[in-house]
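Written out below as structure tokens is the structure these notes cover.
4 protein chains.
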Amino acid sequence: MIKTVTRKDVSDHRTASSCWIIIQNRIYDVTSFVPHHPGGSKLILNYAGRDATKAFEEVHTGLVLEETLQADALVGELAVEEISRAGTAEQSIEDLRIESERRRKPPLNQILNLRDIESVAEKVVSRKTFAFWSGGSEDEITLQQNSKAFSRFFFVPRVLRRIQHCDPSTIILGYHSSLPIYASATSLGKLAHPKAETNVTRACGKLGIIQMSSTHASSSPSELISSRIHSSQPLWFQLYKKADNQVAATLIRHAETLGFKALCLTVDAASHGNRERDLRAQFISEDDEVRKGVEEMGESSAKEDMIDDEDVNLDGTSGALLKGDDADMTWEETIPWLRSVTKMPIILKGIQCVEDAVLAAESGVDGIIISNHGGRQMEYSLPSIEVLNLLRKQRPDVFQRLEVYVDGGFRRGTEVLKALCLGAKAVGLGRPFLYANAAYGENGIVKTIRILERELITDMRLLSASCISDLRPEMVERVDVLAQL
Amino acid sequence: MIKTVTRKDVSDHRTASSCWIIIQNRIYDVTSFVPHHPGGSKLILNYAGRDATKAFEEVHTGLVLEETLQADALVGELAVEEISRAGTAEQSIEDLRIESERRRKPPLNQILNLRDIESVAEKVVSRKTFAFWSGGSEDEITLQQNSKAFSRFFFVPRVLRRIQHCDPSTIILGYHSSLPIYASATSLGKLAHPKAETNVTRACGKLGIIQMSSTHASSSPSELISSRIHSSQPLWFQLYKKADNQVAATLIRHAETLGFKALCLTVDAASHGNRERDLRAQFISEDDEVRKGVEEMGESSAKEDMIDDEDVNLDGTSGALLKGDDADMTWEETIPWLRSVTKMPIILKGIQCVEDAVLAAESGVDGIIISNHGGRQMEYSLPSIEVLNLLRKQRPDVFQRLEVYVDGGFRRGTEVLKALCLGAKAVGLGRPFLYANAAYGENGIVKTIRILERELITDMRLLSASCISDLRPEMVERVDVLAQL
Amino acid sequence: MIKTVTRKDVSDHRTASSCWIIIQNRIYDVTSFVPHHPGGSKLILNYAGRDATKAFEEVHTGLVLEETLQADALVGELAVEEISRAGTAEQSIEDLRIESERRRKPPLNQILNLRDIESVAEKVVSRKTFAFWSGGSEDEITLQQNSKAFSRFFFVPRVLRRIQHCDPSTIILGYHSSLPIYASATSLGKLAHPKAETNVTRACGKLGIIQMSSTHASSSPSELISSRIHSSQPLWFQLYKKADNQVAATLIRHAETLGFKALCLTVDAASHGNRERDLRAQFISEDDEVRKGVEEMGESSAKEDMIDDEDVNLDGTSGALLKGDDADMTWEETIPWLRSVTKMPIILKGIQCVEDAVLAAESGVDGIIISNHGGRQMEYSLPSIEVLNLLRKQRPDVFQRLEVYVDGGFRRGTEVLKALCLGAKAVGLGRPFLYANAAYGENGIVKTIRILERELITDMRLLSASCISDLRPEMVERVDVLAQL
Amino acid sequence: MIKTVTRKDVSDHRTASSCWIIIQNRIYDVTSFVPHHPGGSKLILNYAGRDATKAFEEVHTGLVLEETLQADALVGELAVEEISRAGTAEQSIEDLRIESERRRKPPLNQILNLRDIESVAEKVVSRKTFAFWSGGSEDEITLQQNSKAFSRFFFVPRVLRRIQHCDPSTIILGYHSSLPIYASATSLGKLAHPKAETNVTRACGKLGIIQMSSTHASSSPSELISSRIHSSQPLWFQLYKKADNQVAATLIRHAETLGFKALCLTVDAASHGNRERDLRAQFISEDDEVRKGVEEMGESSAKEDMIDDEDVNLDGTSGALLKGDDADMTWEETIPWLRSVTKMPIILKGIQCVEDAVLAAESGVDGIIISNHGGRQMEYSLPSIEVLNLLRKQRPDVFQRLEVYVDGGFRRGTEVLKALCLGAKAVGLGRPFLYANAAYGENGIVKTIRILERELITDMRLLSASCISDLRPEMVERVDVLAQL
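Chains as they are written, first to last, in the numbering used here: chain F, 5 to 489; chain S, 5 to 489; chain P, 5 to 489; chain X, 5 to 489.
See below:
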């Protein structure tokens, strides 16, 4: 029978040498786990001797406790009379700010474009979460250039052609898609919405576009599969490959069995990017909650002029997530090994130059995604649309040998059309789905797709393109100087 | 005999299922018309059970009621003792702001250039009207580039030539014009001035330049014709072609019979542009008047997180105006059909690339207008002056085969001179005439033309050009880098 | 014997039909002169019936009254007992502001560069004067580009060469100059300092550089000649040629007789530029003094919506000054005529393109000044340093056939060095001498020249150039892209 | 026996004709030295009759007094009872500001990058010191371009290569270095920290990188040598060569004997740059302390409109330091002479163009540093990374003939990697070490190096470079247009 524990009992174990926490009214002794916490020991110690339910639920799905803690970690349950107090947890100033913003957000029918949704999302999530989502590497040059580069590509619109009927649908990797876009992989969807990535699955199903699910999604692969609108709705599986081939193979086979239709191997994350905005967010929180927690533990934070890097998490969220990943993947070994493990088509996500696009074609993969990880990995990687343009100019043959997708900063129908004119088969959007989920849930995602559909059809008509195959390279002109004004 | 109705009676019919409105002291039952209102049902429902005279008169000319409502729509007249109350309509805060600004506007003799007038106009019209006039598509890149592109073209001024005598007059499509400019087509002139486009007709007549009148002008074609200063004053007719050829032919023949001298077919509006500034203006008004009206009808506007696009007008003003237009015009069918319908010279308005300029020459039309609809249609269409420059560089022969006009962002004599040096026969200005009409009426339009005349003569002299034919391509140099500083 | 008049008598003549004014205690009837006043009738009517001494003295030298008014214009003198009241003229708010700024200006030894002096000058003169000095044409693109263009030219500094001894002196048109710069022509020097351009003469003489004096200088040619430090100090004469050859010839011969050493014919002012900053300044003053004067005359200024250009001076200060100038000068007639009138070397001021530089060389003149009149004439004329660079690239032979000078935006020793590397013999500075004179008088001008000397020597050494002839085209590199950052 | 003097006695000698000062409780008569003070007589007169210990200690090391003053300059010692008062010296507002900022600076473990440290340093030193450190010549164009130029160079990152093991170490001039960077020479380290440059020596020793020590370091060569972590830690000696060869030779031989491993001759400082930010700093101080001192001496500072340059120090800090240096060094004489004086390898610091890099290779020196002295000497010298890129493109052979280093604006690992890809053997950083020393002392310098190590390894991995020799020119692309957005 399970032991009954009081909050007072728990509060006696609030140091690194004996650390208990409360999660969903159960008490766990996490002392031995503290040094192994992926997000750094500090994050967990902040809740030592206290209720960690809220922080836990923000990023974890239910299975994590069983998977990560030892069987004997469960100390007991809160006494019944104390449980009610959990519901009256004090709200932080940040919580109050968010609640107030949620009440004041504009109705969904006043949202005109994707940036409108982004600005709502920025207000209704914590500053720390938004820093994690929206930030890029170091000075965020590639992050910014991904967006700004579009303004160098102008259209050459034609007139006096029939465009009353205009069809933006296409075939992607053999699957029909109502639009030439797909929902790209993003991590930790619970930070956006309690239903996490399953909201994306449902919205994509309803409107007929493909979703790519991340290894780091909050929703498990099986949750996503069972959230489909119908059984033929295509989902793709994005893989961060672990160094341990056995672990990786198990994950891949699990996805294939569940019914995922393609395997997207991320190749641009052999090291985690230096995302300073994300790193800096931990110092913000120190000013209020964390600092309080640390002080309670009798430690001083006054260590200035001392070199003590271990005290700070310099990996950030992404560093924690990528721990244990394979930094020795190669063209020669990894691709053939993948082929031996799965029958799913293979797509390489994170190609950043023409040379590697050619190597990909030679390696026999089925597709590539020109991507710099949304400006979150290699700082000063070229913007995706520029790499796509270089590939079109230097090696147009590659577009015949595999399907080329692209992501990075796409927010407008015109931007998608520019990529399609240059030869992309489809365009991935990541952050916009996180923002929509955070701001308006599943309906926000539906709205996001509808906005893109409306923009795509309007601008195809104005270009005099009545279907996707009418979009040709000669309809786009790269004009440096115009972009500068 | 017509029935007498009280305001109280009218106010009992204020829902979509029974909607009466008062216009010019008459009561109409518009219930069956509500769903067909071009500007969206919401706009009309806002006045359900109330006096709509002011809003109606802002955009409609007198004939509209007869043309659009059924015979039995007229319910009756206001009782005489209630009519006086119409004159004491409450003024909104916006009305008061405008009145105050009108009193404080600078005297016309302190206006130095066209931008001065624009800034007056911005103050003396409603925010909604100014958003409709001044806005462009989406992020307004083409709108901005139309203007900024001029700064890439510098002059090569010559010295020591006779320029005491300097003549800026020219011949456009066979008609003498005192200046190498014309007033281009603009919509809904009543938003600017009660006399709408007839003010433009008179001012153009007085100063000897051509006016092109829009299908969507508030003043009817016959009103414009009868406003001419003398019977040989040339007017051009701009056509938005309806899908129904019969309707279109009737309109064209009517214009020709009235005495219009050219037919300008708009070819860049097969779909209406995504003009977000215009769309967003409806949300501003919701914050005050419209919201109030909606609430009175017992509906809640709290629909956040619900997908309900039908509730919002996503077409905007332009979408409403272009409804029913022909989206299947072609080079092969439309041009010959036009020739069969009219003897007026044909000009294509909205050519956006060299290829279509060549097709136009081959199609045998009399002129083209290089135009992107003032940045209001295809976002990221190239700025007009750049397309003109490309045509000059790549296909100078086109200038021999038809007359080339250009519009888009012209505000200065120097900008007009740059286009003329590159081969344009004349330059169209649209918004400046709206702004002048709104700010100072007919005298404002006269002033606008005089300002341009003064700038043109000053700068022709400083270039050492004593007549229009002295303006040559070698007098303009495109220097990218200078524009960037 | 001269009549005695009271202030009361004068105040009875304050309309356009009978206009008396007081200047230096004398009363003049200027009724017949009012319509011919170069600055517009309004300016003079503002002082109708009042004392105009202060306004008169600001811009006029003593001889003007005799030259312009008829003999019988002198009505009489102020009664002695009323004269003292002239000294107690009320100070305007602007006067008080200027006085206060003059007290607070930094000591001259804290001035480090020419822009420091400019910012002092901006504070210690009236806003109207500063607008006249500092403004350019229309949107002031060429004005700004003159300065910004320098930042496209970088140096290629050499090392390990002897530069302990470094000599910045040179020979200009046969005259020794201690520095490769000269004081260029500027108008209305009395606005800067009571001693006007004679301060420039003295400072240039002391430090050994050439002064070019303007036709529109406040100091007369003979005043300047007699202000020289020694009789061999070279002065140049700048000519605005009148349409009447006889008048022009008299002026030229007078200058030659007085001892001027060169004739600089301005060729870029066949029409006066559209200087809106200058024009707008008259509206500022209307808000206080002028408006008051107009109202006293019983006229209303409420003429909005009326076209009444005659009411406003659209020529501005420059238009007034250039009235009557020759707008029909030609290469074929004007240059030979000049040669027939004078033996002074001839320099053309205002060459703006390579073609005209070549024509100048063929016409046999002795020098040209590449200049766009400081951005005050043709808007969008290329910046001077760019025209110089084009001449160097396209027609280096011209530098052998005549001396090439340049002006326009030069404020730094580095900028002067860039022009010298590209082949200029000397660089003219205009506004800096006005600013220095206004801010600190003759000492300010001396300081200006010393600052340039110090910058020139420092940077010649850092370039490893020990004399002017060491400055070569290969020491300057035009790098567009750097200038953009 | 030494005389006892009271503070009252000292205060009687507070004019230029009899000037006593107190330093470390001793009284000196510096009357004859005042006109020779390298920083200008004003600085020293400010302390006439007062205690100058604090100001003295800020910039001077202990040996200066003996070296510069005559033996009889020592007047006596403070009476014992007055010494204690020295400790109670009043703090200026600036001192108080700095103390407050020091207390509030962030703990070192919250520092993420080098700019973070710079912004701390800006707060915790005097404004005058920061102006001296951070400023450049004139308008600081080259200073700014040094940094901005990096943003024109993008990476071409590769994927699917083994990078688990990643080694950023290299060999520089035969010495192993843990990172491809070195600490460059900087002056007056005592302004940053009491232990001055010895902190840099220790930190570099601990982390295995080379330090180059300046002729103008506050720490003497022997202090630095004895601060090494171990006897084989390599130090380089930077030389400002005096005009007197004998003096220079003595200095070089002294360094060689002490154990310095290379001689870095500065060649870009034949004249001192016109550093206006540094010059202007003296006027700031006049507003408080200095002015007060001057006034006490009975002099008025009201000299406006007077030319009195001698009153102001127009050389600035750098001018004072460079006095007496050799401005007649040549390729032909100076390099062979250096070879005759020392066996140390010779490096030329301050090469600014391809031509001089070639001359250096021909002269047989061992290395060059492409440098413009951090934008502090020749204004409009090209940014270092651009000169490096030109050398790579035009004369790749030079990289085979000597080692090429580069400095100027480097703050990020990515910037260092760009230079290495282009062929640089190592990158020098100067100001960052000053800033780190001022903000956090030796630990700050250690942190600085660790930050760079972390950035270098992260970005080498993301580039797929596992060692320094994997960095190739084809991994960097210069893309002008991207930098402009």
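For every residue, glycine included, the Cβ atom is placed at its ideal position computed from N, Cα and C.
In this text, all values refer to a predicted model and were calculated from it rather than measured experimentally.
Could you confirm whether any beta carbon from chain X is found closer than 8 Å to the beta carbon of residue 479/F? Translated into the one-based positions of the first sequence, residue 479/F becomes position 475. Residue 479/F does not count as touching chain X.
Please compile the residues from chain P whose C-beta is within a distance smaller than 9 Å of the C-beta of residue 338/X. Translated into the one-based positions of the fourth sequence, residue 338/X becomes position 334. Those within 9 Å of residue 338/X in chain P are 164.
For residue 350/P, which option in 359/P, 356/P and 364/P has the closest C-alpha, if you only look at C-alpha atoms? Translated into the one-based positions of the third sequence, residue 350/P becomes position 346. Checking every option, the nearest Cα to that of residue 350/P belongs to 364/P.
Going by alpha carbons, who is nearest to residue 391/X out of 191/X, 231/X, 366/X and 355/X? Locating residue 391/X in the fourth sequence gives position 387, where the first residue counts as 1. Nearest of 191/X, 231/X, 366/X and 355/X to residue 391/X, Cα basis: 355/X.
If we count the other Cβ atoms within 10 Å of its Cβ and call it buried at 16 or more, is residue 436/X buried or exposed? What you label residue 436/X is simply residue 432 of the fourth sequence in a count that begins at 1. The residue is buried, with at least 16 neighbouring Cβ atoms inside 10 Å.
What are the uninterrupted segments assigned as beta strand (DSSP E) that are 3 or more residues long and contained completely in the segment 96-159 of chain S, given in chain order? 157-159
Cutoff 8 Å: residue 271/P Cβ touching any chain S Cβ: What you label residue 271/P is simply residue 267 of the third sequence in a count that begins at 1. Yes, because at least one Cβ of chain S sits closer than 8 Å to the Cβ of residue 271/P.
Out of 49/F, 164/F, 476/F and 41/F, which one is the CA nearest neighbour of residue 21/F? Sequence index remark: in the first sequence, residue 21/F carries index 17 (1-based). Measuring from the Cα of residue 21/F, the nearest candidate turns out to be 49/F.
Quick check on the burial criterion: 16 or more other C-beta atoms within 10 angstroms. Buried or exposed for residue 423/S? Taking the first residue of the second sequence as 1, we reach residue 423/S at position 419. Classification of residue 423/S: buried, given that the 10 Å Cβ count is 16 or more.
What's the C-alpha gap between residue 499/F and residue 79/F? Missing from the structure shown is residue 499/F; chain F here goes from 5 to 489 and no further.
Please list, in chain order, all residues of the same chain as residue 245/F whose beta carbon is under 7 Å from its beta carbon, the five residues on each side excluded. Numbered from 1 along the first sequence, position 241 holds the residue referred to as residue 245/F. Same-chain partners within the cutoff: 252, 269, 329, 330 and 333.
So does the segment 176-192 of chain X actually touch the segment 259-277 of chain X, counting three or more Cβ pairs closer than 8 Å? yes
Quick test of your reading: residue 102/X and residue 130/X, contact by CB under 8 Å. State the CB separation rounded to the nearest angstrom. Residue numbering aside, residue 102/X sits at position 98 when the fourth sequence is read from its first letter. Residue numbering aside, residue 130/X sits at position 126 when the fourth sequence is read from its first letter. So it is a contact: roughly 7 Å between Cβ atoms.
Please classify residue 225/P as buried or exposed, where buried requires at least 16 other C-beta atoms within 10 Å of its C-beta. For the purposes of this step, residue 225/P is taken as residue 221 along the third sequence, with counting starting at 1. Residue 225/P comes out buried.
Exposed or buried, what is residue 440/S when buried is set at 16 or more other beta-carbons lying within 10 Å of its beta-carbon? As a position in the second sequence, residue 440/S is number 436, starting the count at 1. Classification for residue 440/S: buried.
Between which two residues does the alpha helix (DSSP H) holding residue 338/S run? Locating residue 338/S in the second sequence gives position 334, where the first residue counts as 1. Taken as a continuous stretch (DSSP letters only), the alpha helix (DSSP H) holding residue 338/S covers 338-345.
Are any of the Cβ atoms in chain S nearer than 8 Å to that of residue 472/F? Along the first sequence, read from residue 1 onward, the residue named residue 472/F stands at position 468. So no, residue 472/F is outside the interface.
Tell me whether residue 60/X sits in a helix, a strand or coil according to DSSP, three-state version. Translated into positions along the fourth sequence, residue 60/X becomes position 56. In this structure, residue 60/X counts as helix in the three-state DSSP scheme.
Could you pull out every unbroken beta strand (DSSP E) segment of at least 3 residues lying fully inside the segment 322-390 of chain F, listed in chain order? 350-355 and 371-374
Nearest neighbour of residue 1/F, chosen from 430/F, 212/F and 389/F [CA to CA]: For chain F, the structure presents residues 5 to 489; residue 1/F sits outside this window and is missing.
How about residue 167/P: is its C-beta nearer than 8 Å to some C-beta of chain X? Your numbering for residue 167/P matches position 163 in the third sequence. Output row for residue 167/P: interface = yes.
Secondary structure, beta strand (DSSP E): runs of 3+ residues fully inside the segment 200-275 of chain F: 214-217, 239-243 and 266-270
Cβ distance (whole Å) where residue 477/P is taken to contact residue 427/P below 8 Å: Residue 477/P sits at position 473 when you count from the first residue of the third sequence. Residue 427/P sits at position 423 when you count from the first residue of the third sequence. Right, the Cβ-Cβ distance comes to about 7 Å (below 8 Å), so this counts as a contact.
What is the residue span of the alpha helix (DSSP H) that residue 174/S lies within? Taking the second sequence and counting its residues from 1, one reaches residue 174/S at position 170. Unbroken run through residue 174/S is the beta strand (DSSP E), 174-176; no alpha helix (DSSP H).
If the cut is a Cβ gap below 8 Å, which residues of chain S does residue 160/F touch? Translated into the one-based positions of the first sequence, residue 160/F becomes position 156. Under the 8 Å cutoff, chain S gives 356, 357, 359 and 386.
Could you give the DSSP three-state label for residue 281/X: helix, strand or coil? Translated into positions along the fourth sequence, residue 281/X becomes position 277. Of the three classes helix, strand and coil, the one that applies to residue 281/X here is helix, per DSSP.
Alpha-carbon to alpha-carbon, residue 463/P and residue 418/P: Against the third sequence, residue 418/P aligns to sequence position 414. Against the third sequence, residue 463/P aligns to sequence position 459. Answer to the nearest angstrom: the Cα atoms are 7 Å apart.
Using CA coordinates, which residue listed in 180/S, 382/S and 452/S is at the minimum distance from residue 149/S? For the purposes of this step, residue 149/S is taken as the residue at position 145 of the second sequence. Looking at the Cα atoms, 382/S is the closest of the given residues.
With 16 other CB atoms within 10 Å as the buried threshold, where does residue 178/X fall? If you number the fourth sequence from 1, residue 178/X lands on position 174. Its Cβ having fewer than 16 others within 10 Å, residue 178/X is exposed.
Kindly list, in the order they appear in chain X, the residues whose Cβ is closer than 9 Å to that of residue 275/F. In the first sequence, residue 275/F corresponds to position 271, counting from 1. What residue 275/F touches in chain X: 167, 170, 461, 462, 463, 464, 465 and 466.
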